[in-house]
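A.B. asks:
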């Protein structure tokens with residue numbers, strides 16, 4: 212008896228592959244947009260800050276490099292003629308007056324300051340010029356004219372011909388020369404002292420001075436304040 216061989220067919224069924232579905236992230240697009248906005252905002256803010264900083268630095272540099280404009284006004288100098296009227300000083304009440312030069316002499320124009328409370332007058336001729344300054348019984352005069360001179364001699368000095376002798380003096384430094392207000396204790400008119408002003412030369416004192424012959428009359432005894440004014444006037448003398 213023949214055996215029959217039965218062939219069995221085995222069918223392999225492969226599973227069907229299903230398509231993969233990729234779901235879109237709804238937040239990915241929003242994130243990209245937000246990132247772009249943030250970056251743009253940062254760039255814009257940085258640009259504005261940089262621009263403001265540069266403008267501030269530019270303004271500061273311009274201010275530092277620009278020199279301030281200075282307006283220089285030249286002072287106006289008022290020149291006063293020596294022949295003009297005396298000028299009063301607002302602070303001290305002093306005034307400046309002038310004397311000379313007398314014609315035909317070697318004297319120069321003289322300037323003197325006069326304190327408040329004193330008055331002055333001038334007496335002139337063709338060849339003389341005299342300034343008289345007074346306050347009550349006190350008088351100072353400066354006289355320019357053709358004249359000779361003499362030495363001033365004091366205690367201890369050698370005898371000199373053509374000299375004037377004095378027992379006392381007060382040294383005064385004038386504007387240009389050393390002066391001595393000289394007088395004698397005796398020989399004056401009653402109640403009066405007469406002074407002669409002498410000027411230092413090379414090795415002695417003499418009169419007249421470079422300003423003219425200067426004489427002073429005061430009461431005896433004299434007032435210290437008025438004598439101080441007189442010495443002040445002598446110290447203010449200068450030639451022009």
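Residue numbers (our numbering): 212 to 451. Beta carbons: idealized from backbone N, C-alpha and C, even for Gly.
1) Pull up the distance between the alpha-carbon of residue 426 and that of residue 351, whole angstroms please.
2) Straight-line CA distance for residue 299 to residue 306?
3) Measuring alpha carbon to alpha carbon, tell me which residue in 324, 406 and 308 is nearest residue 376.
4) Classify residue 391 as buried or exposed, calling it buried when 16 or more other Cβ atoms lie within 10 Å of its own Cβ.
5) State the CB to CB distance for the pair residue 423 and residue 308, rounded to an integer number of angstroms; the pair is presumed to be in contact (CB under 8 Å).
6) How many Å lie between residue 312 and residue 340 at the Cα?
7) Going along the chain, which unbroken runs of the beta strand (DSSP E) with 3 or more residues stay wholly within the region 352 to 430?
8) What's the C-alpha gap between residue 366 and residue 382?
9) Residue 336 bridges to which residues according to DSSP?
10) Using the beta-carbon count (16 or more within 10 Å), is residue 430 buried or exposed?
11) Please name the residue or residues paired with residue 330 in a DSSP beta bridge.
C.D. replies: A quick look at the data gives this:
1) The count along the chain shown starts at 1 and reaches residue 426 at position 215. The count along the chain shown starts at 1 and reaches residue 351 at position 140. The C-alpha of residue 351 is placed about 6 Å away from the C-alpha of residue 426.
2) The residue labelled residue 299 in the question sits at position 88 within the chain shown. The residue labelled residue 306 in the question sits at position 95 within the chain shown. For residue 299, the predicted model reports a pLDDT of 43, less than 50, meaning its position is unreliable and no value from the coordinates is stated.
3) If you number the chain shown from 1, residue 376 lands on position 165. Looking from the CA of residue 376, the closest CA among 324, 406 and 308 belongs to 406.
4) Numbered from 1 along the chain shown, position 180 holds the residue referred to as residue 391. It is buried - the Cβ of residue 391 has at least 16 other Cβ atoms within 10 Å.
5) In the chain shown, counting from the first residue as 1, residue 423 sits at position 212. In the chain shown, counting from the first residue as 1, residue 308 sits at position 97. Wrong, their Cβ atoms sit about 14 Å apart, outside the cutoff.
6) As a position in the chain shown, residue 312 is number 101, starting the count at 1. As a position in the chain shown, residue 340 is number 129, starting the count at 1. Distance between the alpha carbons of residue 312 and residue 340: 7 Å.
7) Correct list: 361 to 364, 374 to 376, 379 to 384, 389 to 394, 403 to 411, 416 to 418 and 424 to 430.
8) Start at 1 with the first residue of the chain shown, and residue 366 comes out as number 155. Start at 1 with the first residue of the chain shown, and residue 382 comes out as number 171. C-alpha separation (whole angstroms): 15 Å.
9) Counting from 1 along the chain shown, the entry for residue 336 is found at position 125. Residue 336 is not bridged to any residue.
10) Your numbering for residue 430 matches position 219 in the chain shown. Counting Cβ neighbours within 10 Å, residue 430 comes out exposed, since fewer than 16 surround it.
11) Reading the chain shown from its first residue, position 119 is the one you call residue 330. According to the DSSP secondary-structure assignment, residue 330 is paired through a beta bridge with 345.
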